[in-house]
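A.B. asks: Before we start, here is the structure in question, set down as C-alpha cells.
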Amino acid sequence: MHTSQLIAEVLRVLAAGLLLISFAMLSGRRTQQLITLFAWQGVMLFLSTCLVAYSSGLTEMYYSAALTLLLKVIALPWILNRLIKRLGAQWDSEQLVNVPTTMLAGLVLVIFAFGLAQPISSMATTITRHTLGIALAVILLAFLMMITRRKAVTQVIGFLAMENGLFLAATSATYGMPMVIELGIALDLLVGVFILGIFFFQIREQFDSLDLHNLESLKED
Amino acid sequence: MRAVSFIRQFVEVALAIAIAPLFTGWIAQCRAWLQNRSAPPLLLPYRMLRKLFFKDVALAADASALFRATPYVLFGTMVLAAAIIPSLVTDLPLARVADSIALVGLFATARVFLSLAAMDIGTAFGTLGARREMMVGFLAEPALLMVLFNAFLLYGSTSLPSLVDGYRTHPSVIDPSVIFAAVAFVMVALAENARIPIDNPSTHLELTMIHEAMLLEYSARHLALVEWASSLKLFNYACIGFALFLPWGIATQGADGAGALLVAIAALIGKLVIAGAALALIESLSAKLRIFRAPEYLAMAFLLAVLGLLVHFLLGA
Amino acid sequence: MEILIILGLPLLGAALLALFGARRFAAELNAGMSLATLIAASLLVVRVIRYGPMLFGREQFFVDPFNVFLVALTAFVGFTTALFSRPYMRIEEAHGRLNPRRLRLYHSMYQLFMFAMLLALLTNNMGLLWVAMEAATLSTVLLVSLYRTRASLEAAWKYFILCGVGIAQALFGTILLYFAAEKTLGREGMTALLWTHLNAVKGQLEPRVLGLAFVFLLVGYGTKVGLAPLHNWLPDAHAEGPTPVSAVLSGLLLNVALYAVIRCKVLVEGSIGHLLPGRMLMTFGLLSAVLGAFFIWRQRDIKRLFGYSSIEHMGIITFAFGLGGPVANFAALLHMTVHSLTKSAIFFTAGHASQTAGTQQMDGIRGLVGISPPIGWGLMLGSLAILGMPPFGVFASEFLILTTAMREHPWTTPFLLIALGVAFAGIFSRVQPMVFGESDSPPLPHSPALLPVFVHLAMVLTLGVYMPAALAEWYRAAARLIG
Amino acid sequence: MLLSANHWISGLAETLAVNDLHSVLLLVAAWMVLGFAGFLRPHSIRFVARFLFPAGAVLCLGVALLAGLFLASGHAPQLVVLPLGLPDLPFHIRLDVLSAFFLLLLGVAGAGISTFAAGYFRSGEGTAPALLGLEYHFFLASMAMVILADDAYLFMVAWETMALSSYFLVTSHHRIPEIRRAGFLYMIMAHVGAVCILLCFGVLQGGSWQFTFDAMRGAHFTPFWATTAFLLALLGFGAKAGLVPMHVWLPEAHPAAPSPVSAMMSGLMLKTAIYGMLRISFDLLSVRFWQWGVLLLALGLFSALFGAIFAAVQTDMKRLLAYSSIENVGLIFTGIGLSILFETSNMHLFAALAMTAALVHSLNHALFKSLLFLTTGSVLHATKQRSLGKLGGLIRRMPWVASLALIGTLSIAGLPPLNGFVSEWLLLQSFLFTPQLPHAFLNMLIPLGAAALALTVALSAYVMVKFYGVIFLGQPREPSLVNAHDANWLERLGLIWLAAGCVLIGALPQLAIMAAAPVTGKLVGDTVRSSSTFWSIAPIAQEQASYSGLILLAGILSVVAITFVCVRVVAHGRIRRTAAWDCGYPWQTSRMQDTAEGFGQPIRHMFGTFFRMERSLPSASDTAPRYRVYIEDRLWRAIYLPIARGVQKLADGIGFLQGGRLSIYLLYSFLTLLGLLVFVL
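Chains as they are written, first to last, in my numbering: chain X, 2 to 222; chain P, 559 to 875; chain L, 70 to 552; chain U, 38 to 718.
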C-alpha cells in the first residue's frame, strides 16, 4: 500500500541513479575515478537489494545484499585500487572515442532497452518490475564501455559493471536467484578478478604497459 | 543364297581386279590427249606391274614385318571392298558382311596401314607423306560418311545393294540433296585417290607429294601390289559413285541370268569410260592446291555433304 | 552415487595435483585420475543402459540419453588426452618451454577443467550449468597462457574477455528464464531452474520472455561454441595454448557449450515453436561453416588451421540442430561425437609434427611420412576423416545432414557445398605437402607412441561402417528428446 | 546355332550359379584379404607382386565368370543386406543385369591389368609394396562395391573409397611435385563431384531414412526436382568420367599414376561413372525428358571432339591416351543421350540400339585403353621416357609389346575388323535413325551431331597413327633406346589377354551385344535383335544394315594369304637389304623424322581456336635453333582459374574481420546481440 509505493519510488530512484552512474562511467576518463563510480554502483545495488528484501520479506535477499556490500562495495574496489597502485596505473587517462557520440549511442541503447523490456516488465508481479529495463540498459552501456575503452583495467571495470547490471536484473525482476546460484556467481566473479590480477602482472611484465594495442599481434594478415 | 550368286560375286571381284589398272591407264591416256601429249599405251599399267613383279625387292635395312605385310593388307582390303560394292549385281553374298559404313572403315584401315608402313623406315619424306595422308583422310572420311548418310535418308539403308535396289524400285526422283552429295562425293574421291587438286599421281616433286611420298621405300612386288591396290581403290570409288548416283544397268535382285550380267558389264564399262574421261578433264582443268589449302578444300566437301542433309530436311520429305 | 564419484574424482585430482603436480609421477597421476573418471563414467553408462534416465541429489543432477553419451565421450577424450600429454609435456619440459611449477598448474587445472565440464553436463540446474561453464572458462584461461609468451598471454586475455562477456549475456538469459519460470513453478526449492521441470511446463512459459532469453543464451554460450562472428577467441586460443589444451578445447569444451545451447533451445522451442530458434541456429551454422572454410584457406599455422576447421564443423553441427527432426538431430549428435574424436586425434598428431619440425608454421613441416610414418599417416588419415572422407564416421553424419538439408531447405545446400569444397581444398592442399614430399630432416629413430590417435581414428572408422545398437539407441532417444 | 549355344550357357548358369551374389561378395572380400595379406611380408616385392597380384587376377576372372553367367541365366535380381552401415540403413547389396554387365567389364579388364601389374611393379619404386597391394586391391574391391551397392550410403562409401585408394595410387611417387599437384587436383574434383552426387541422392530419397534404391525407385518427382537430380548426377558423374568441362583433372592424374593404375582408372574407374549415370537416369528416376538427352548428346559430342583434338597435339604418350579417354567417354555419353532421346519419344528399339552402342563401347574402351596404357608402361620401363619426342623404332627392340600395341591401336582407331569399329558402327547406326524423332528442330540439328561424330572417329585414327608411329616405328630418337628390352612374361600375358579380347569382340560382336541385351531390355524395355545367323549382326533389319566382323577378318586374311601365295608362285621371294633410299638423300639422321609436334601441326592449324598456344620460333641467327610450342586448355583459364582466384580473393578479403583488436571483436558480439534482439522484438 502506502509504504510499498514509497519503496517502489525509492527503488526507481536508486535504479535511475545506477543508470546515471553508468553514463558517468561511459564518459569517465581516469581509472581511479571509474573504480570509485563502480563502488558507488555497488552501494546503489546494496540499498536497492535491502529494500527489496524488506518489502518482499525474503531473508535470503538480505544475505545477497550483504554479499553485494562485501564484494562489490568493499572487496573489488579495494583489490582494483591495490592493483592499479601496484601497476602505477591509477592516473593514466585514456582518450575515448569522442565522448558526445558515445553518449548519443548510450542514449539510443537506453531507449532500445526500455522498448525491449516494456512488454516483459509489464507482466512481472514484483513491485520492482520497471527496473528490468534499467538493468538491461546498464548491461548494454557497460558493453558499450568495454568496446570503447583501450586500457585493460578499464575494460575489466566495464565487465564488472555489466555484472552489476545482471545483479540488478536478478534482484529487481525476480527477487534474486536461488542462493546457491548467487554464491556460485559470486565465487566465479571473485576467481575471475583474481585471475585478472595475475594477468595484469603477466601482461605488465611482458609488455610493460596495459595498453590493449599491444595485444593486437594475433590476427589474420 | 544360291551358288549362282556366289559365282556372280566371283565374277565381279575378278573383273574388278582385272580392269582396275586398265581404268587407271585409260585416265592417263585421256589426260595425255587433253593436254595434247602423245598418250602412253592403254596397257602400260599391266606391263608396269609385270616388270615390277619380277624385279628383286630392295628393302631398307631395318624395315619391320609391318612394312613388308602392308602391301598385301592393302591389296586384300581393296579386293574385299570391290567384293562388297555392287558394281555389276546387287545380289552379293558378301555385301551382308559389311555395309557402306564398314566399307569406309575398310578404306580407313588401308590408309592407316599405308601410313604406318611409311613411318616404319623413319625417313623424312615417308613420315611427311604419312602425316599428310592422315590429314587428308580424317577430313575426307567424314565427308564420305555424310554422303552415305544422305543416301540412307533417301532409301533407308546403309548397305549399298539395298540402296541400288531401293533406287531402282523407287520412281527415280532427283532429290535436291543428291546434287550436293554428288559434288561432295566427287571432291572426296579426288582427294582420297591422290588426284589433282590435292595430290598429283604423276609427280615426284617431294615437297608437294602425299601418296607417292609414302611409297618411296617400296620396290618391286611390294610396289606392284601397292600400285595395284591404289588403282583398285580408284575403281572402287568410281563404283561407289555409280551405285549411289547412276545405278542404271546394275543387275538387281531377282534379275537373274547371264543376260542381265552382260548388260551390267556393258553398262559398267560404259560408265567407266565416261567417268575416266570426266576425271581426266577435271584434273586437266584444275591446278594443284598448296598443301595448306587442302583442309579448306576438304572442309568444303564436308560442308557440302552436311548441307545436302539439311537441304533434304528443308525441302525433301 | 556415481555422480558423486564422477564429479569427486576430478576435484580430488585437482587438489592432489595442486599439491604434487610438480613431481615426476604427476603425469601418471593425472592419467590415473582420468582413467578412474572414465571407469566411473562407464559404470554410470552401464547403469543408465540398464535403468534408463534418472535424477540424483534432490533433482539437482540428472542423466538422460542426451548427456550420458557426452559424459562418456568427455571422460574418454579426457583420458586419452591425459595419456597423450604425458610424453608430450615431458618433451616440452625438455625443450625448456615449461618448468615444474607450470606443469603443476597445468595438471591441476586440467583436472579442474574436466570437473567443470562434467558438472555442466550432469547438472539439471540451469544456474549451475552457467556456473560450470564459467568455471570451465576460468580453468582454461590459465592453461592457454601456460607458456607465458606474449602471444599466449594475448590469446588468453582475448579468450577471457570475450568468453566472460559472452557468459555474462548467458547469465542474463538464465535470469530471464527464471523470471519466466517462477510464475508457473514458484520459487520453492529452486525447481524454477531445473531443466526437467522447465521441460515439463515449457508449453506454459511466456513466449516473449523466452524468445528474449534465447537470444541472450545463444549469444552467450554461442561465443564458447565458436559460432561466427563470435568466434574470434577460438583460433588464437587453439594456436597458442599447449597442444593437449587445444585438443580438449576443440574436442570437449565446444561440445559442452553446444550442449548448453541445445538444452536451452529445447525449452524455447517448446514455448515459442520450432521456427525462430531453428532459423537462428541454421543461420549461425551456415555463417560459421562458410566463414570458417574461407578462413581455413588462408592459414599458415597448423593448429590455427584446425582451429578454424573446428569452427566450420561446429557450424555444420549447429546447422543440423537447427534443421531439427529425428534424422538431422541424430546426424548432429553423431557429428559431435566423431568430430571431437577426430579433431583431438588430429591435434595430437599436429602437436608431434610441430614438435619434430620445431615449428607450427606449415611451410616448415615437410615429408612427414619420410620422417616418421605414424605421424605422417596419422595426420593424413585424420585430415581425410575430418574432411568427410568415407568410410570415416564424419562422412556418415555429413551424408545425413546434406541429404536432409537437400530435402527440407534446398536453398542452404549451395552454401554447404561451398563450405565443404573450400574447406577441403584449404586443408588438403596444406596437409598433402606436409605429409608427402621430400623432407630435409632425417627419419626419427623411434616414433612417438601415437596409440591415442589411432584408437580415436579406429573408433571413428568403426562409427562410419558399423554403429553399436546401444549407441544408436541413445542417439535416437536423444534426437527424440531434442525434437 | 547361336541360340543353342545360348541355351547351353544358360543351362550351365542354372546349374552353377546357385546364388551369384554371395559368391561375388566372397570374391570381393577375398580382394580385401589379399590387400591386407601384403603386410605379412611388407617389403618383399616378390611376395606381393608375383604372388598376390596374380591371385587378384584369378579373382577378377571369377567375378567376370559369375557376372557373365548371371547375365546369361537371366536370373531375377538378387539382394543381400549386410548388418553394417548406419543403424536404420544397413548396407543393401543388389546384383541385377546392369551391375552384372559392369562387373563383367571390371572382371575381364581387371584380370589382364592385374596380371600385367604382377610383372610390372619393381622394388624400390614409390610406396612400399604392401601398401601398394593394399591400395590396389581396395581400389578393385571398392569399384565392385560401387557397382553392387543398392543404397545411397553404401554407394557413396564405396565411391569415395574408390577415389581415396586411387588417389594414394596416383601419388605413389609422391616425391615428384607435379604428381602431388595432379593428385591434389584429382582429389578436389572427386570430392566436389561426390558432394554433388550426395545432393542428388538427397533429392532422390524417398523420405527420411529412405536411402535404399528401392525407396528411390518408388518416389515420384515434379519435373523440376527430377531435372535437378539429373543435373546433379551429371555434375558428379561427369566430373569422374572426365566430361568436358569437368575434365581438367584427368589428363593430369592418369599420366601421373603408375601405368597399371592409369589403365585401371581409364579403363575401369571411368566406367563406374557411366554406370552411375545409367543407374540414376534410367533406373532410379522414373521420368525422363528429351531435353536431358539433348544435353548429354551435346556434352558428349563436344567432349569427344575436344578429347580427340587435344590428344592429337599431345607430346606425352600417357597424356595423349588420357585425352583419348575423354574422347571415348564423350562417345559413350553421346550414346546415352541418344538413348534418352529415343526412349522419351517411345522409340524403344532405337533407344536400345543407342544404349547397346554405349555399353559395348564401354566394354571395348575398357579393353583397348587398358591395353594401350599397359604398353606405355612397358615402354616406360624399357626406356624411362614418356615424351614422344624421345622415343621411336621400338618395334625392333620390343616386338611383343609393339605387335600387341598395334592391335590396341587399330581397335581404338575404330578400324574394322576390330572391336573399336563395332561400337562406333552401332553408334552411327543409331544416329541414322534420329530423323524419325518427332522434334523437327532436332531433326535438323542431329545430322550435325552425326557429322561431328564422324569427324571425331576419323580424327582418332589420326591420333593413333601418331601414337603408334612415333613410339614404335621409325628410327630411335635417342641413342639410349637401342638397349630397350621387351616386356617380361607376366606383362606379355596380361597384354595378350586384353588384345585377345579386342580381337574376339571385333570378330564376334554379337557376344558383347548379347551381354548388353538384358541391360537394354531392363532399362529401355527393348533389345536389339541379334540376327539369325551367328556370324553377323543386323541390329534393326537385315536389309537396313548388317555387319560381320568374323567374315571380314577371315576375308582379309584369306585374300592376303592367297595374294601372298600367288605372288610367290608367279614371281619369286628374293630380297636385297640396302640402306633406305629416301629419294637418294644421303645423310639422314633420326632427327629428320617427323616429330610429335609435327604431327600436331595440322590440328593446331585447323582447330587453333581450341587452344592457348605459346610458340617460340627459332630466329635466323640462332646458333642452336629450337622450336618450342606450348599448348594449354582454354577452359582451364576460362573456368577454373577464375574460381580459384575468386576463392583466394574472398579469403584475402575476409582477413580484416580478424584484425586482432579486442574492441572490434566485442563490437561484433554487441552488434550480433542487438541484431538478434531486434529480430525477436
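From the three backbone atoms N, C-alpha and C, an ideal C-beta is built for every residue, glycine too.
1) Which of the three DSSP states is assigned to isoleucine 434 (chain L) in this structure?
2) So which residues on chain P does arginine 351 (chain U) lean against when the C-beta distance must stay under 9 Å?
3) Suppose the cutoff is 8 Å on Cβ atoms and the five residues either side in sequence are ignored; what does the same chain contact list for arginine 628 (chain U) look like?
4) Valine 869 (chain P) CB to nearest chain U CB: under 7 Å?
5) What residues from chain U crowd round isoleucine 148 (chain X), counting only those whose CB sits closer than 8 Å?
6) Spatial neighbours of threonine 206 (chain L) within its chain, please: C-beta separation below 6 Å, excluding the five flanking residues on both sides.
7) Is alanine 186 (chain U) closer than 7 Å to alanine 178 (chain U) when the C-beta atoms are compared?
8) Which partner residues does threonine 249 (chain U) have in the DSSP bridge list?
9) Exposed or buried, what is methionine 38 (chain U) when buried is set at 16 or more other beta-carbons lying within 10 Å of its beta-carbon?
10) Indicate whether the contact test is met: 3 or more Cβ pairs, each with one atom in the region 779 to 792 of chain P and one in the region 623 to 641 of chain P, closer than 8 Å.
11) Using DSSP with H/G/I as helix, E/B as strand and the rest coil, what is leucine 39 (chain U)?
12) From what residue to what residue does the alpha helix (DSSP H) around isoleucine 691 (chain U) run?
13) Within 7 Å (strictly less), CB to CB, does glutamate 221 (chain X) reach chain U?
14) Return the CA-CA distance between tryptophan 79 (chain X) and leucine 211 (chain L), expressed in angstroms with no decimal places.
15) Can you tell me which of P:Leu607, P:Ala787, P:Tyr725 and P:Ala586 puts its alpha carbon nearest to the alpha carbon of alanine 597 (chain P)?
16) Under 7 Å between the Cβ atoms of alanine 110 (chain L) and alanine 144 (chain L)?
17) Going by the DSSP bridge assignment, what does phenylalanine 128 (chain U) pair with across the sheet?
18) Is there at least one Cβ from chain U nearer than 7 Å to glutamate 217 (chain X)'s Cβ?
19) Taking the straight line between their C-alpha atoms, what separation do you get for histidine 515 (chain L) and isoleucine 415 (chain L)?
20) Candidates P:Met606, P:Ile823 and P:Ala627: which alpha carbon is nearest valine 597 (chain U)'s?
21) Would you tell me roughly how many angstroms separate the C-alpha atoms of glycine 43 (chain X) and glycine 420 (chain L), rounded to the nearest one?
22) Mind pulling the alpha helix (DSSP H) runs of 4 or more residues that sit fully within the region 563 to 624 of chain U?
23) Could you say if the region 237 to 244 of chain U and the region 293 to 306 of chain U meet the contact criterion of at least three C-beta pairs nearer than 8 Å?
24) Is any beta-carbon of chain U found at less than 7 Å from that of phenylalanine 144 (chain X)?
25) Determine, using beta carbons only, whether leucine 865 (chain P) and tyrosine 855 (chain P) come nearer to each other than 7 Å.
26) Using CA coordinates, which residue listed in L:Ser357, L:Ala316, L:Met202 and L:Tyr535 is at the minimum distance from leucine 286 (chain L)?
27) Reducing DSSP to helix, strand and coil, say where isoleucine 643 (chain P) ends up.
28) May I ask you to list the residues that DSSP assigns as paired with asparagine 194 (chain L)?
29) Using a Cβ-Cβ cutoff of 7 Å, what residues of the region 483 to 512 of chain U are near chain P? List them in chain order.
30) Nearest to alanine 151 (chain L) by CA position, among L:Phe125, L:Val115, L:Leu104 and L:Glu275, is which residue?
31) Could you check how far apart the C-beta atoms of glycine 291 (chain L) and phenylalanine 353 (chain L) are, in whole angstroms? I think they sit under 8 Å.
32) Please classify leucine 108 (chain X): is it buried, with 16 or more other beta-carbons within 10 angstroms of its beta-carbon, or exposed?
C.D. replies: Let's see:
1) coil
2) As written in the sequence, residue 351 (chain U) is glutamine, which differs from the arginine given in the question. None at all; the shortest Cβ gap to chain P is about 15 Å.
3) The residues Arg514, in chain order, have a CB closer than 8 Å to that of arginine 628 (chain U) in the same chain once the five nearest residues on each side in sequence are set aside.
4) no
5) Ser700, Leu703, Leu704 and Phe707
6) Its chain contains Cys232 as the residues whose beta carbon lies nearer than 6 Å to that of threonine 206 (chain L), once the 5 sequence neighbours on both sides are disregarded; these appear in chain order.
7) no
8) U:Asp188
9) The predicted model places methionine 38 (chain U) with a pLDDT of 46, which falls under 50 and marks its position as unreliable; any figure quoted below should be read in that light. That one is exposed.
10) Under the 8 Å Cβ criterion, the region 779 to 792 of chain P counts as touching the region 623 to 641 of chain P, having at least three qualifying pairs.
11) Per-residue confidence for leucine 39 (chain U) stands at a pLDDT of 49, beneath the threshold of 50, marking its modelled position as unreliable; no derived number is given.
12) Taken as a continuous stretch (DSSP letters only), isoleucine 691 (chain U) belongs to no alpha helix (DSSP H), as it is neither H nor E.
13) yes
14) Their backbone Cα atoms lie some 24 Å apart in a straight line.
15) That would be P:Ala586, whose Cα lies nearest to the Cα of alanine 597 (chain P).
16) yes
17) U:Leu119
18) Closer than 7 Å: yes.
19) Distance from the CA of histidine 515 (chain L) to the CA of isoleucine 415 (chain L), rounded to the nearest whole angstrom, comes to 20 Å.
20) P:Ala627
21) 46 Å
22) 586 to 607
23) no
24) By this cut-off, phenylalanine 144 (chain X) is an interface position.
25) no
26) L:Met202
27) coil
28) L:Leu263
29) Pro484, Leu485, Ala487, Ala488, Ala491, Leu492, Ala495, Leu496, Ala498, Tyr499, Val502, Tyr505, Gly506, Leu510, Gly511 and Gln512
30) The residue with the shortest Cα to Cα distance from alanine 151 (chain L) is L:Leu104.
31) 7 Å
32) exposed
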